[in-house]
Amino acid sequence: MTRGKGPMSFARFTSRFAGFLGFVGVSAAVGVLATVAITPALAVTSIAANETIGIFEDLPSYLEIGALSQRTNIYATKANGKRKLLASFYDQNRVEVPWEKVSGYAKDAAVAGEDPRFYEHGGIDLPGTLRAVLSNLMKKDVQGGSSITQQYVKNVIIQNTIKDLKTQEEVSAAFREATAPSQARKLREMRLAIGLEKKYSKEQILLGYLNIAHFGGRVYGVEAAANYFFSTSAAKLTLPQSASLMAIVNNPEKFRLDYPDSESNGSANGYATNKDRRDYILDNMLEERMITLGEHDEAVAAPIEPKITEPSTGCQTAKGAAYFCDYVTNLFKNDDFFGDSKTRWQNFVRAGYDVYTTLDPDLQKAAESAVHDNVPAHMAGLHIGGVAVTVQPGTGKILAMTQNTKYSEDPAVLKKPQYSAVNYNTDIDYGGSSGFQPGSTFKLFTLVQWLKEGHGLNEGVDARVRPSWGTFRDSCADGGTVNAGGYSPHNDNNEPGGHWTALYNTMQSMNTGFMAMAKQLDLCGIRKTAEAMGAHRANGDPMQQGPAFVLGTNEIAPLSMATAFATVAAGGMSCQPIAIVKIVKRGGSEIPVPPKSCKRVISADVAATAAYALNRALEGGTGRSSYYALTTFAPMFSKTGTTDDAHATWITGGSSKAVTVAGAFNTQNKGAVSLREMNFPSGYAADARHRIWPRIMSVANAKYGGDPFPEPPANLLRGRTAEVPNVKGLTLDSARAKLEDAGFGFEDGGKRDSDLPVGIVIGTNPSGTTSRGAIVSVYTSNGKLMTVPDAVTASSSFGESRARLGAAGFGDVREACVVDAAGTGKPTAQHPAPGSGAKATTAITVTISKPSC
1 MTRGKGPMSF ARFTSRFAGF LGFVGVSAAV GVLATVAITP ALAVTSIAAN ETIGIFEDLP
61 SYLEIGALSQ RTNIYATKAN GKRKLLASFY DQNRVEVPWE KVSGYAKDAA VAGEDPRFYE
121 HGGIDLPGTL RAVLSNLMKK DVQGGSSITQ QYVKNVIIQN TIKDLKTQEE VSAAFREATA
181 PSQARKLREM RLAIGLEKKY SKEQILLGYL NIAHFGGRVY GVEAAANYFF STSAAKLTLP
241 QSASLMAIVN NPEKFRLDYP DSESNGSANG YATNKDRRDY ILDNMLEERM ITLGEHDEAV
301 AAPIEPKITE PSTGCQTAKG AAYFCDYVTN LFKNDDFFGD SKTRWQNFVR AGYDVYTTLD
361 PDLQKAAESA VHDNVPAHMA GLHIGGVAVT VQPGTGKILA MTQNTKYSED PAVLKKPQYS
421 AVNYNTDIDY GGSSGFQPGS TFKLFTLVQW LKEGHGLNEG VDARVRPSWG TFRDSCADGG
481 TVNAGGYSPH NDNNEPGGHW TALYNTMQSM NTGFMAMAKQ LDLCGIRKTA EAMGAHRANG
541 DPMQQGPAFV LGTNEIAPLS MATAFATVAA GGMSCQPIAI VKIVKRGGSE IPVPPKSCKR
601 VISADVAATA AYALNRALEG GTGRSSYYAL TTFAPMFSKT GTTDDAHATW ITGGSSKAVT
661 VAGAFNTQNK GAVSLREMNF PSGYAADARH RIWPRIMSVA NAKYGGDPFP EPPANLLRGR
721 TAEVPNVKGL TLDSARAKLE DAGFGFEDGG KRDSDLPVGI VIGTNPSGTT SRGAIVSVYT
781 SNGKLMTVPD AVTASSSFGE SRARLGAAGF GDVREACVVD AAGTGKPTAQ HPAPGSGAKA
841 TTAITVTISK PSC
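Numbering-wise, this note's numbering puts 821 at position 821 of the sequence shown, and it's gapless, one number per residue.
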């Protein structure tokens with residue numbers, strides 16, 4: 001039982017002597033004796049021996065133990081309340097644990113392997129120090145002899161030195177300086193160790209040592225080491241595992257267990273180097289009566305079988321949620337709420353936070369499968385992107401975020417076309433994307449501005465295609481107007497346009513209809529409305545403003561569009577996106593998170609009316625493909641969008657509980673293709689949005705439901721009103737000209753029975769006062785009616801009345817007798833009335849008054 005033990009008689013003698021010092025417990029005595037121990041080493045310098053005690057006493061004895069660098073974890077919360085780890089971040093892979101969370105075997109193995117007299121000395125292991133001094137004098141170098149307390153001091157000094165450094169180069173340089181062999185460093189560590197023993201208990205020092213110790217690579221502390229090398233916790237470490245881990249601490253590179261191909265310490269030879277050191281520790285544990293002989297022999301016979309478990313590090317470990325994870329990390333990098341820009345990321349990776357996010361794992365799973373099933377990560381020669389992002393109206397919580405590509409930040413991996421580090425869902429500062437044109441989904445802002453300025457859904461506009469749209473009002477421009485020049489957008493399917501209501505324009509996404517609506521509005525007002533609702537250019541530049549921007553030409557991130565549509569769903573309350581709900585720091589207390597920022601930007605009435613129009617667009621307009629693909633339902637709305645040449649196709653909308661953007665697009669202008677001219681493996685490329693959005697929203701509807709949207713007020717359905725001109729008696733062309741001059745739309749209502757000449761207008765619907773610009777149906781005469789003559793006036797009998805009617809062409813004349821004592825038998829009434837129109841076959845009833853019938 002003496003393997004690797006050295007001269008036992010000397011060890012036992014000095015152990016008893018050091019025990020006496022520990023019993024006395026007088027720091028000055030310990031300091032003096034320690035100084036005596038190192039005096040031979042100092043003697044080789046110019047410092048006189050009688051000066052050493054004074055020098056030692058003048059050294060600082062207080063060591064500030066700062067917070068250790070620990071890994072920060074990002075979590076989602078499952079429906080059952082349990083947390084789901086998305087990713088971890090660290091400079092040093094460490095998880096601090098309390099005393100009761102460390103196996104007794106591990107504690108004893110640390111003492112047995114590094115400092116068997118730990119519980120006896122007062123900070124300095126005098127026998128070990130004397131032995132080291134003699135060795136150093138022989139070899140002219142500083143070696144060994146450090147107690148656990150001294151090692152703890154050294155590690156604390158290192159951690160305190162590197163905690164504010166930013167680069168790995170700075171850290172490495174500081175580490176080399178802090179650990180460079182020198183008598184001065186050794187002397188200082190001894191002095192600090194004595195001071196540390198005065199302030200802290202042995203348990204506190206040993207626990208600090210176990211939590212700070214380096215186990216190779218980026219693994220620090222016994223908990224992380226147990227996780228990494230044996231896939232267990234520090235509390236569950238077995239005796240042989242504990243001894244193997246504490247063997248690593250002695251020389252991390254030499255004894256570590258994650259080099260299975262090593263010739264000297266690999267799987268082929270049973271990790272022989274580590275085993276030698278492990279068994280030495282086990283021998284010491286037996287000799288110190290920490291374990292029984294049976295435990296010792298069983299542990300020595302146990303093979304070393306590491307089970308390496310790579311720690312979750314970086315967003316790539318979040319898999320399909322990696323882009324959401326990336327967004328969260330960019331919040332810590334960019335948001336001033338988290339401190340100075342030079343230190344906030346460094347604080348994040350070292351702080352040991354548990355960051356709880358808004359991500360809904362159920363909805364995220366649905367989004368991931370929907371996107372990956374319908375948009376390939378890569379197609380030869382093309383740059384295709386597909387996204388889905390869901391936010392919660394009224395809170396701004398991001399419930400889901402994913403895209404078709406795989407996430408990586410490794411330059412070598414990024415050479416593969418199916419990988420990307422760019423988050424297509426977000427702005428450039430929060431994921432590297434410059435955004436995409438949202439197409440007709442941007443029309444929401446013109447619709448809202450239309451309603452804000454007092455217009456109604458039933459108001460109509462002249463939406464006919466024209467060579468140029470001329471001058472638009474723009475209160476932000478010099479002179480207050482801008483000219484569209486020759487700008488002449490068209491509608492899908494070359495629809496020539498017409499006189500359409502705002503509701504129809506919204507349902508069918510008519511480009512010319514929205515241009516005509518914008519002609520009656522302030523372009524600056526449309527832009528300000530868009531910005532208030534959360535839309536902005538993804539690259540940070542000011543939004544480009546002009547007639548064309550009405551149709552969605554600014555590049556905007558999907559998350560921004562989801563935020564804007566959520567404003568409608570929340571009754572006019574716009575909430576900035578949030579991804580973090582709670583941050584718990586080491587020790588269990590919480591730190592503040594960025595506050596929820598919501599404000600009213602449009603009235604509840606405007607929001608309700610916009611929701612009504614968008615609901616009609618979903619159920620009976622351009623969104624109906626998505627609507628009919630839903631498997632669960634709630635009150636919902638949506639707006640589709642397709643850019644020029646179909647380089648991007650979108651659908652945005654949802655319920656009062658969840659709003660989702662789904663889209664597919666070209667991620668680069670070079671090689672851009674029309675999605676209407678290609679197919680994905682899942683089907684027609686331009687319809688991928690209609691295969692993604694309903695799958696996500698069906699899950700959202702099942703989980704969250706949705707409240708009915710308020711009924712829109714009558715004034716915003718009707719809008720501004722005007723008197724319909726009286727066009728009765730005019731020709732159809734004249735009636736059309738008169739109505740259009742008054743700003744109304746014209747619709748030929750067809751011919752109806754009338755006694756007016758064929759083709760002459762007989763009436764309109766509506767008539768009187770109605771919504772300004774409304775479509776007016778005009779009805780003309782088919783000439784099939786005859787005018788009923790007056791058969792009562794000047795007629796003295798039923799016979800005369802019948803003769804008058806017969807002469808006018810009415811052959812079916814009937815008598816109706818009414819008893820009247822004063823009656824003379826003369827006609828008193830007729831039906832139909834004189835002057836009305838009736839067919840020749842119509843029965844005409846003449847009423848006769850008689851004393852008796």
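Backbone N, C-alpha and C define an ideal beta-carbon position, used for all residues, glycine too.
Since the model is a prediction, treat every value here as computed from it, not as a measurement.
{"Query": "Endpoints, the alpha helix (DSSP H) within which W345 is located", "Result": "344 to 350"}
{"Query": "Cutoff 8 angstroms; reference T721; Cβ partners in own chain excluding five residues on either side", "Result": "T769, T770, S771, R772"}
{"Query": "Three-way DSSP call (helix, strand, coil) for I696 in this model", "Result": "helix"}
{"Query": "N-terminal and C-terminal residue of the beta strand (DSSP E) that Y779 is part of", "Result": "775 to 781"}
{"Query": "N493 (DSSP reduced to helix, strand or coil)", "Result": "helix"}
{"Query": "6 angstroms Cβ shell around A530 - same chain, five flanking residues per side excluded", "Result": "F445"}
{"Query": "Straight-line gap, L503 to G623 (C-alpha atoms, nearest Å)", "Result": "14 angstroms"}
{"Query": "Simplified DSSP state of K839, which is helix, strand or coil", "Result": "coil"}
{"Query": "Q437 and T643 closer than 8 angstroms at C-beta", "Result": "yes"}
{"Query": "E872 classed as buried or exposed, judged by whether at least 16 other C-beta atoms fall within 10 angstroms", "Result": "Within the shown structure, residues of the chain are numbered from 1 to 853, placing residue 872 beyond reach of any answer."}
{"Query": "Neighbourhood of N50 by C-beta distance below 6 angstroms, restricted to the same chain and skipping five residues each side", "Result": "Interpretation of N50 is limited by its pLDDT of 44, a score under 50 that renders its predicted location unreliable; no figure is taken from the coordinates."}
{"Query": "Reference C817; option with closest CA among A808, G811, A829, G806", "Result": "A829"}
{"Query": "Spatially closest choice to G396 from S777, A648, F89, C575, by CA coordinates", "Result": "C575"}
{"Query": "CA-to-CA distance, N666 to I384, given in whole angstroms", "Result": "5 angstroms"}
{"Query": "Opening and closing residue of the beta strand (DSSP E) in which Q403 lies", "Result": "398 to 403"}
{"Query": "7 angstroms Cβ shell around P766 - same chain, five flanking residues per side excluded", "Result": "V724, A774, V776"}
{"Query": "Residue(s) in a DSSP beta bridge with M678", "Result": "Answer is none; M678 lacks a bridge partner."}
{"Query": "Three-state class that DSSP yields for C476 in the structure shown", "Result": "coil"}
{"Query": "Residues bridged to P827 (per DSSP)", "Result": "I848"}
{"Query": "DSSP-derived helix/strand/coil call for L286", "Result": "helix"}
{"Query": "Cross-strand partners of C817 (DSSP beta bridge)", "Result": "I848"}
{"Query": "Touching by the beta-carbon criterion (3+ pairs, under 8 angstroms), the segment 747 to 762 and the segment 698 to 717", "Result": "no"}
{"Query": "Three-pair Cβ contact test at 8 angstroms for the segment 398 to 411 versus the segment 586 to 602", "Result": "no"}
{"Query": "Same chain, Cβ closer than 6 angstroms to C476, five either side skipped, listed in chain order", "Result": "C524"}
{"Query": "Which listed residue (L210, A76, E114) has its alpha carbon closest to that of V97", "Result": "L210"}
{"Query": "Under the three-state DSSP convention, the category G806 falls into", "Result": "helix"}
{"Query": "Cβ shell of L785 (< 8 angstroms), same chain only, five flanking positions each side left out", "Result": "D753, S754, D755, G837, A838, K839"}
{"Query": "According to DSSP, residues forming a beta bridge with Y75", "Result": "L85, Y356"}
{"Query": "Separation of S264 from A272, as counted between CA atoms", "Result": "7 angstroms"}
{"Query": "Short Cβ contact (8 angstroms threshold) for H618 with S597", "Result": "Checking the sequence shown, residue 618 turns out to be Leu, not His. The answer is no: Cβ separation not under 8 angstroms."}
{"Query": "Inter-stretch contact at 8 angstroms, needing at least 3 Cβ pairs: the segment 451 to 470 / the segment 348 to 358", "Result": "no"}
{"Query": "Three-state secondary structure (DSSP) of Y407", "Result": "strand"}
{"Query": "Contact belief for G663 with V387 at Cβ below 8 angstroms, rounded distance in angstroms", "Result": "6 angstroms"}
{"Query": "Distance between V300 and N284 (C-alpha atoms, nearest Å)", "Result": "12 angstroms"}
{"Query": "Of the listed residues P694, I651, L675, nearest to F633 (C-alpha basis)", "Result": "P694"}
{"Query": "Run of the alpha helix (DSSP H) containing N374, from where it starts to where it stops", "Result": "361 to 374"}
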